[in-house]
Each structure stands twice: as C-alpha cells, then as structure tokens.
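K.L.:
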Amino acid sequence: GESVGLHLPTLSVQEGDNSIINCAYSNSASDYFIWYKQESGKGPQFIIDIRSNMDKRQGQRVTVLLNKTVKHLSLQIAATQPGDSAVYFCAENPPSGGSYIPTFGRGTSLIVHP
Amino acid sequence: KAGVTQTPRYLIKTRGQQVTLSCSPISGHRSVSWYQQTPGQGLQFLFEYFSETQRNKGNFPGRFSGRQFSNSRSEMNVSTLELGDSALYLCASSLAGRVSSYEQYFGPGTRLTVT
Chain G
35 GESVGLHLPT LSVQEGDNSI INCAYSNSAS DYFIWYKQES GKGPQFIIDI RSNMDKRQGQ
95 RVTVLLNKTV KHLSLQIAAT QPGDSAVYFC AENPPSGGSY IPTFGRGTSL IVHP
Chain P
130 KAGVTQTPRY LIKTRGQQVT LSCSPISGHR SVSWYQQTPG QGLQFLFEYF SETQRNKGNF
190 PGRFSGRQFS NSRSEMNVST LELGDSALYL CASSLAGRVS SYEQYFGPGT RLTVT
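Chains as they are written, first to last, in this note's numbering: chain G, 35 to 148; chain P, 130 to 244.
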C-alpha cells in the first residue's frame with residue numbers, strides 16, 4: 035500500500051485476479067476521498083469517490099472501502115485487465131468550507147500481466 | 130465533447146525566465162484547477178478558478194499565478210523560473226466544484242523543463 039509523501043510501491047497481478055490498492059490518508063477530518071488512475075503520458079482520470087459518511091461504495095468493477103478509525107482507504111479492482119495497468123493514487127479533501135482542495139497520495143503502480 | 134486541452138505540451142525554459150501555460154476546459158465547465166506533478170512531491174494543488182475569480186489556493190509561492198477568462202479558459206504563469214519548477218503541470222475542469230461530487234477532468238499536462 036501507499037502513504038502520502040513516501041515511495042511509489044508496485045503491485046503486480048495476473049490478468050483476471052482481483053487487485054487491492056491501499057492508501058493511508060493523513061487528516062482525520064477529511065470528508066471526501068477520490069481514487070484516480072493515471073496512465074503513462076496522460077493526466078489523472080477519476081475512478082470513484084466516497085464521502086466520509088460512507089464505508090463502502092461500488093462502481094463498475096471497482097469498490098472503494100473507507101476505514102476512518104485507522105484513516106485507511108482501499109480500492110478493489112475485480113477481474114483485473116491489462117488495460118488497468120497504471121498508477122493509482124488517492125486524494126483526500128480536508129475540511130475546506132465546501133471547496134475541493136485535495137491532498138494526494140504518491141500512488142501505487144499496478145502492473146497486470148496477461 | 131472535446132476534453133481538456135493544454136498548450137503547449139512541452140516547454141523548455143531557462144532559469145530566471147517566465148512562462149505562461151494555457152488550459153481550455155471542457156465546454157460548459159466553469160471551474161478550472163491547476164496542479165503540479167513531480168517525482169519528488171507527487172501531485173500538488175496550485176489553485177482553482179471559478180467564474181474568473183481565484184477561489185482556492187494551494188501552498189505555492191507568489192511566483193505562481195493564474196487567471197481565468199470569461200470563456201472559462203485559464204492560464205497560469207510562473208515568473209523567475211527555478212530548476213525546481215521543472216514538472217508536469219496539469220489542468221482539470223469541472224462543472225462547479227461545490228457539488229456533492231468533485232469529479233474533475235484532467236488535461237494531458239504541459240511538461241516544463243527548466244535548465
């Protein structure tokens with residue numbers, strides 16, 4: 035998994051496996067979280083978001099889990115495909131009067147082997 | 130619908146110079162945010178513009194500035210460039226920024242190299 039501000043870990047999986055990418059966020063008062071995917075040479079792409087009043091949210095093939103007790107966020111990707119290979123990072127939004135002023139994690143590189 | 134476009138895509142400047150980067154948001158999007166991405170610091174928020182006004186600002190020195198035009202297009206300027214300003218500068222647009230979802234759409238970025 036990753037922690038904000040540290041090295042970029044790598045997760046290697048086989049095509050078809052489920053992937054779990056972790057993120058430790060820093061501010062216990064953060065009220066909103068987003069997972070992004072960034073492919074080489076491209077800007078980040080929004081995957082899924084979750085508010086602090088939720089523990090789990092599901093999208094298409096992805097699930098985000100939020101554990102506020104330990105300030106931990108995870109992204110689960112079902113049936114991982116080669117096209118999922120990218121850097122994934124989380125962002126937290128500390129209390130900011132309704133604005134979005136995110137703090138980003140450093141990211142995890144996901145490598146999917148065919 | 131066209132995505133977020135940024136120009137130029139690549140830029141090489143010398144220390145002490147200034148640079149202006151441009152961002153055209155998705156049509157209808159009124160909020161434009163700028164980010165700096167480096168291997169050392171990762172992705173960092175610079176500022177956000179909404180309706181031609183800077184609404185939020187990150188923790189960057191005053192050498193970094195921006196503006197937004199009436200058509201929502203935005204520019205950012207970096208004056209007195211330093212070697213540490215070498216980075217990928219990303220622009221992201223969204224509909225408003227004060228809604229239940231802050232889904233932003235990112236451009237491909239401008240790669241700035243300062244020598």
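The C-beta atom is built at its ideal place from N, Cα and C for all residues, glycine as well.
Can you check which of these residues, P:Thr182, P:Tyr218, P:Arg144, is closest to proline 168 of chain P by C-alpha distance?
P.N.:
Among P:Thr182, P:Tyr218, P:Arg144, the Cα nearest to that of proline 168 of chain P is on P:Tyr218.
K.L.:
Between glutamine 170 of chain P and arginine 184 of chain P, what straight-line distance do the alpha-carbon atoms span, to the nearest angstrom?
P.N.:
Using only the alpha carbons, I get a separation of about 23 Å.
K.L.:
Report yes if the CB atom of tyrosine 231 of chain P is closer than 8 Å to the CB atom of tyrosine 59 of chain G, and no otherwise.
P.N.:
No. Outside cutoff.
K.L.:
Where does aspartate 65 of chain G sit, in a helix, a strand or coil, going by DSSP?
P.N.:
Correct three-state label for aspartate 65 of chain G: coil.
K.L.:
Residues of chain G with a CB under 7 Å from the CB of glutamine 233 of chain P: which are they?
P.N.:
Under the 7 Å cutoff, chain G gives Phe80.
K.L.:
Identify the contact partners of tyrosine 66 of chain G in chain P, using a Cβ-Cβ distance below 8 Å as the criterion.
P.N.:
The answer, in chain order, is Tyr231.
K.L.:
If we define contact as Cβ-Cβ less than 8 Å, is glycine 93 of chain G a contact residue for chain P?
P.N.:
Closer than 8 Å: no.
K.L.:
Let me know the secondary structure DSSP gives glycine 213 of chain P once reduced to three states.
P.N.:
Glycine 213 of chain P falls in the helix class under three-state DSSP.
K.L.:
To the nearest angstrom, how far is it from the Cα of valine 148 of chain P to the Cα of leucine 175 of chain P?
P.N.:
Their backbone Cα atoms lie some 15 Å apart in a straight line.
K.L.:
State yes or no: is the C-beta of tyrosine 122 of chain G within less than 8 Å of the C-beta of tyrosine 70 of chain G?
P.N.:
Contact: yes.
K.L.:
Looking at the unbroken beta strand (DSSP E) that takes in serine 249 of chain P, where does it start and where does it end?
P.N.:
Residue 249 of chain P lies beyond the residue range present for chain P, which begins at 130 and ends at 244; the question has no answer from this structure.
K.L.:
Excluding five sequence neighbours on each side, which residues of the same chain lie with their C-beta closer than 6 Å to the C-beta of cysteine 57 of chain G?
P.N.:
Glu36, Leu107, Cys124, Gly139.
K.L.:
With three or more C-beta pairs closer than 8 Å as the rule, is the region 85-97 of chain G touching the region 42-50 of chain G?
P.N.:
Not touching, per the Cβ criterion.
K.L.:
So the candidates are G:Arg85, G:Ile145, G:Lys76, G:Ser130; which of them puts its Cα closest to the Cα of serine 119 of chain G?
P.N.:
Of the listed residues, the one whose Cα sits closest to serine 119 of chain G is G:Ile145.
K.L.:
Note down the Cα distance separating glycine 238 of chain P from glutamine 92 of chain G, rounded to an integer number of angstroms.
P.N.:
The alpha-carbon atoms of glycine 238 of chain P and glutamine 92 of chain G are separated by roughly 29 Å.
K.L.:
Please compile the residues from chain G whose C-beta is within a distance smaller than 7 Å of the C-beta of asparagine 200 of chain P.
P.N.:
Those within 7 Å of asparagine 200 of chain P in chain G number zero; the least Cβ separation is about 21 Å.
K.L.:
Starting from asparagine 188 of chain G and walking both ways along the beta strand (DSSP E), at which residues does that stretch end?
P.N.:
As shown, chain G starts at 35 and ends at 148. That puts residue 188 of chain G outside it, with no answer to give.
K.L.:
Quick one: what does DSSP say serine 229 of chain P is sitting in, helix, strand or coil?
P.N.:
In this prediction, serine 229 of chain P has a pLDDT of 48, which is less than 50 and means its spatial position is unreliable; nothing more can be read from the coordinates.
K.L.:
Buried or exposed for threonine 103 of chain G, please, with buried defined as at least 16 other CB atoms from any protein chain shown within 10 angstroms of its CB.
P.N.:
Per the 10 Å Cβ criterion, exposed.
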